[in-house]
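Sequences listed follow chains A and B, in order. If you're matching positions, the first sequence starts at 1 in the numbering used here and goes up one per residue. If you're matching positions, the second sequence starts at 1001 in the numbering used here and goes up one per residue. Glycine is no exception: its CB is placed at the ideal position from the N, C-alpha and C atoms. Since the structure is predicted, the reported quantities are computational estimates derived from the model, not experimental observations. What follows is one structure encoded as structure tokens, with my remarks underneath.
Protein chains: 2
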Amino acid sequence: MSEDTEQPSRGPQLSEQVAQRLSDAIQAGEWGRGARLPTEAALGERFGISRSVVREAISMLRNGGLVTSRRGSGSFVAESPTVSLRLAIPDPGLQSVVEVLELRRPLEVEAARLAAERRTPSQLRRIRNAMVDIDEAVEAGLSGVDQDLAFHRAIAEAANNAHFTAVLDFYNRFLHHAIRVTRTNESLREAFMQQVVAEHQAILDAIAAGDAEAAARAAATHLAHAEARLRQAPTDLLERVEAQRGSTSTSSTEPTGGNSR
Amino acid sequence: MSEDTEQPSRGPQLSEQVAQRLSDAIQAGEWGRGARLPTEAALGERFGISRSVVREAISMLRNGGLVTSRRGSGSFVAESPTVSLRLAIPDPGLQSVVEVLELRRPLEVEAARLAAERRTPSQLRRIRNAMVDIDEAVEAGLSGVDQDLAFHRAIAEAANNAHFTAVLDFYNRFLHHAIRVTRTNESLREAFMQQVVAEHQAILDAIAAGDAEAAARAAATHLAHAEARLRQAPTDLLERVEAQRGSTSTSSTEPTGGNSR
DNA sequence: ATTTAACATCTTGTCTGACAAATTTAGCGC
DNA sequence: GCGCTAAATTTGTCAGACAAGATGTTAAAT
């Protein structure tokens, strides 16, 4: 008789406990995919808590991609639950950037290899266009960083495996936040640009020829050189994000982020 | 003087809008890292909403890793904001698993290479122990899957780059959810086990010897063979997660058509 | 009988007010 | 200044109410 409610042991965060227990229950299959779970009131009674806490708990699960809620209808177990990878953005430093590049390199190399094997004509065209865009941007006096990223993304897309684009986008977001490249050092750019263009061309040629190993080698070379360039001039390329720490006055000037590929 | 509150345009979800605007404000640097943001009451007045909505919005940001809240103190912008990668777990099918393995392979290969270069003595010892654990588990009649994963994880750890362990763990979670390895087919295991042990031994030897290229080659071989083994006997290794759909009420849902590839 | 429209009911979203718990701040004695 | 206590502040939780949509039922119309 007294076991109507599952006693909530008081602890660090009540709503967190409830979210955990709900998550466990879903994981255990108490409610299958897409099934509607009990109303907030019912859950509140079951766990012996108020509706507020139930709502916060469900909100957590919702943000975790485990449930979805429809107003007037109810909350439902998500059709496709998700796993998530979270990456803290530390105080930007050369070390963390290098570690990420270390991981990204084999991915881009493999993407180039797969792209050489699988690229469709239209995907090949898109890679070519991206290369042209880099030239145009550079000649227009822009940094061309965005176009450079687009070039690499086009290659990843041509690998025809969505996970490559997802992971590479993920780490590009990290790099975008972690690095602030100063207005591109003109002399640096001049010196590097020819080399970068040549390396890009080599990758493109290999992919166009369908030569997987050559594409992989070209990509490996390009990325190794890019990392070397980054290591070589770190003080010019890395800048602490201290504007974030300052006051509210810093107007939203977004210094064109990027790296030196 | 009607501009005291930023008019909330009604839309899909009020709390979501507020969360978005708060996120934007933080992103724009209105409050720097670690700074305390206004009280819930103040934010409610600012946005012209009630405290409930403010709380839900902050809850979203908190679950997104953008803010942290301390009872009695306030809510603060997180010291280290995060970027997140989410991966939906689809109806398990061979295709999605193969795509993930395709991405995991170059990572594990690179991890083996780095491990050969950087492993500490204790890390090498841990890899050895993991290999012994596999044998013991198999001899004890277990599947040894967990121990196999631990072996690969030990290698990733020996690479001394936290991103490798993070990403590989991430995809292992995906695989763990997407695949249901049936009670290991004994005959299959018997046939494969010797080969697997030999391949593991090759990786370990190369890492122990500090031969990076040999380690990479051994890992590549191992993973290629593993994928081949998976392709070869997919029906034995893949199993639909249909227990999830069963229990409560499976009315009005498509009958989960066969995704045979 | 089938379709359509109005209605009642249910569920989540939001509002309001209150109290509890924990932290921060202020005050006070010394 | 330092240590202690008390008050003020702030998030966490509770309770009740209404609004906004969605669902299901009933009645009307053809």
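Looking from the CA of His225 of chain A, the closest CA among A:Ala198, A:Asp211, A:Gly34, A:Ala209 belongs to A:Ala198. Note on Asn129 of chain A: under 16 other CB atoms within 10 angstroms of its CB, so exposed under the neighbour-count rule.
In chain order, Ile1127, Ala1130, Met1131, Asp1133, Ile1134, His1200 place their CB closer than 8 Å to the CB of Phe1151 of chain B, counting only its own chain and leaving out the 5 sequence neighbours on each side. Per the coordinates, the alpha-carbon of Ala42 of chain A lies some 15 Å from the alpha-carbon of Glu30 of chain A. Around the beta carbon of Glu1213 of chain B, fewer than 16 other beta carbons sit within 10 angstroms, so the residue counts as exposed. Between Val53 of chain A and chain B, the shortest Cβ-Cβ separation is not below 8 Å.
Ala1115 of chain B and Ala220 of chain A have their C-alpha atoms spaced approximately 19 Å apart. Interface with chain B (8 Å Cβ-Cβ cutoff): Leu66 of chain A is excluded. Contact annotation for His222 of chain A against chain B: no contact, minimum CB-CB distance about 16 Å [criterion: below 9 Å].
Within 10 angstroms of the beta-carbon of Ser80 of chain A lie fewer than 16 other beta-carbons, which makes it exposed.
Scanning its chain for C-beta atoms nearer than 8 Å, with the 5 sequence neighbours on each side dropped, one finds around Met193 of chain A the residues Val138, in chain order. Assignment of Leu1066 of chain B by DSSP, reduced to helix, strand and coil, places it in the coil class.
If you compare the alpha carbons of A:Glu227, A:Ser143, A:Ala57, A:Leu204 with that of Leu14 of chain A, the shortest gap goes to A:Ala57. With a cut-off of 8 Å on Cβ pairs, the region 1016–1025 of chain B is in contact with the region 1058–1071 of chain B, counting three or more such pairs.
If you look at Ser1023 of chain B, you'll find it in the alpha helix (DSSP H) that goes 1014–1027. Collapsing the DSSP output to three states places Leu1114 of chain B in a helix. One Cα belongs to Arg1173 of chain B, the other to Arg1118 of chain B, and the distance between them is close to 26 Å. Here DSSP, grouped into helix, strand and coil, assigns Ser1075 of chain B to strand.
Ranking B:Val1196, B:Arg1051, B:Ile1207, B:Arg1046 by CA distance to the CA of Ala1112 of chain B puts B:Ile1207 first.
Annotated three-state conformation of Leu37 of chain A is strand, per DSSP. When rounded, the separation of the alpha-carbon atoms in Arg1217 of chain B and Glu108 of chain A is 18 Å. Taking 7 Å as the Cβ-Cβ cut-off, the region 87–101 of chain A approaches chain B at Leu87, Ala88, Ile89, Pro90, Glu99, Val100, given in chain order. Contact between Leu1223 of chain B and Arg1105 of chain B holds: CB atoms are separated by about 5 Å, below the 8 Å threshold. Spatial neighbours of Phe164 of chain A in its own chain (CB-CB distance under 7 Å, excluding positions within 5 residues in sequence) are listed in chain order as Leu107, Ala111, Ala156.
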